[in-house]
DNA sequence: CAGTCGCT
DNA sequence: CCAG
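Residue numbers (the UniProt record's numbering): 1 to 200.
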């Protein structure tokens with residue numbers, strides 16, 4: 001199964017079967033018990049519509065002071081370990097010898113979206129970013145290495161895995177909208193996106 | 001004033 | 001949607 005290539009991004013469609021998806025969701029629920037979802041502020045004072053948390057050595061965080069990685073949840077506790085079920089996916093698709101130091105958990109409720117941005121808060125851009133989609137379908141938008149210009153969109157479905165590496169490591173990307181309730185994986189609807197990154 | 005993981 |  002060779003992945004679909006869109007602007008250098010590897011799109012592994014249907015990578016995870018339903019049982020694997022269910023197992024992942026169970027592992028994530030445990031993570032979220034000690035590291036509950038929160039809504040970060042952008043450096044420009046707007047609340048993000050996506051709610052998030054993290055697992056691993058570092059968690060991604062944003063407030064008035066900017067975007068950064070922090071070693072603890074806002075509640076003061078260290079981020080829980082990245083579940084083995086998640087690490088297995090990284091080991092299979094990343095082609096990177098290092099282990100991910102952050103598993104960002106993005107929760108998209110009804111109406112949530114994510115504007116075009118780059119993942120560039122890491123110090124190491126050699127390893128790819130691996131993104132795992134669970135739950136409702138999302139309209140994923142792929143831009144360019146710099147802002148502006150034409151974009152391409154495609155629908156990501158539960159179980160799809162995207163690898164952003166090499167020359168596409170810093171490609172602008174975002175989510176225009178989700179189809180709330182389109183998947184039965186999460187009984188109350190919504191989408192979970194996991195983003196695995198080597199940070200340091 | 002520039003930029004924007006947001007906004008129109 | 002999608003471009004700015």
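A virtual CB, placed ideally from N, CA and C, is assigned to each residue, including glycine.
Terminal residues of the alpha helix (DSSP H) in which residue 110 lies: Where residue 110 is concerned, there is no enclosing alpha helix (DSSP H), given that its DSSP letter is neither H nor E.
Candidates 2, 8, 1, of which the one nearest residue 129 by Cα: 8
Residue 141, enclosing beta strand (DSSP E) - first and last residue: 138–142
Residues sharing a beta bridge with residue 82, DSSP: Its beta-bridge partners do not exist; DSSP assigns none.
Buried versus exposed, by CB contacts within 10 Å (16 or more), residue 159: buried
Per DSSP, cross-strand counterpart(s) of residue 68: 61
Buried or exposed by the 16-neighbour rule on C-beta atoms within 10 Å, applied to residue 28: buried
Where the beta strand (DSSP E) through residue 157 begins and ends: That residue, residue 157, is in no beta strand (DSSP E); it is neither H nor E in DSSP.
Helix, strand or coil at residue 27 [DSSP, three-state]: helix
Alpha-carbon spacing of residue 113 relative to residue 97, whole angstroms: 32 angstroms
Inter-residue spacing [alpha-carbon to alpha-carbon] between residue 173 and residue 108: 16 angstroms
Buried versus exposed, by CB contacts within 10 Å (16 or more), residue 138: buried
8 angstroms contact criterion, which residue 192 and residue 82 should meet: CB distance rounded: Actually they do not touch by this definition, with Cβ atoms about 14 angstroms apart.
Residues near residue 123 by beta carbon distance below 6 angstroms, same chain, minus five either side: 200
Residue 75 (DSSP reduced to helix, strand or coil): coil
Segment limits, beta strand (DSSP E) that includes residue 191: 191–197
N-terminal and C-terminal residue of the beta strand (DSSP E) that residue 52 is part of: 51–55
Residues that DSSP places opposite residue 38 in a beta bridge: 52
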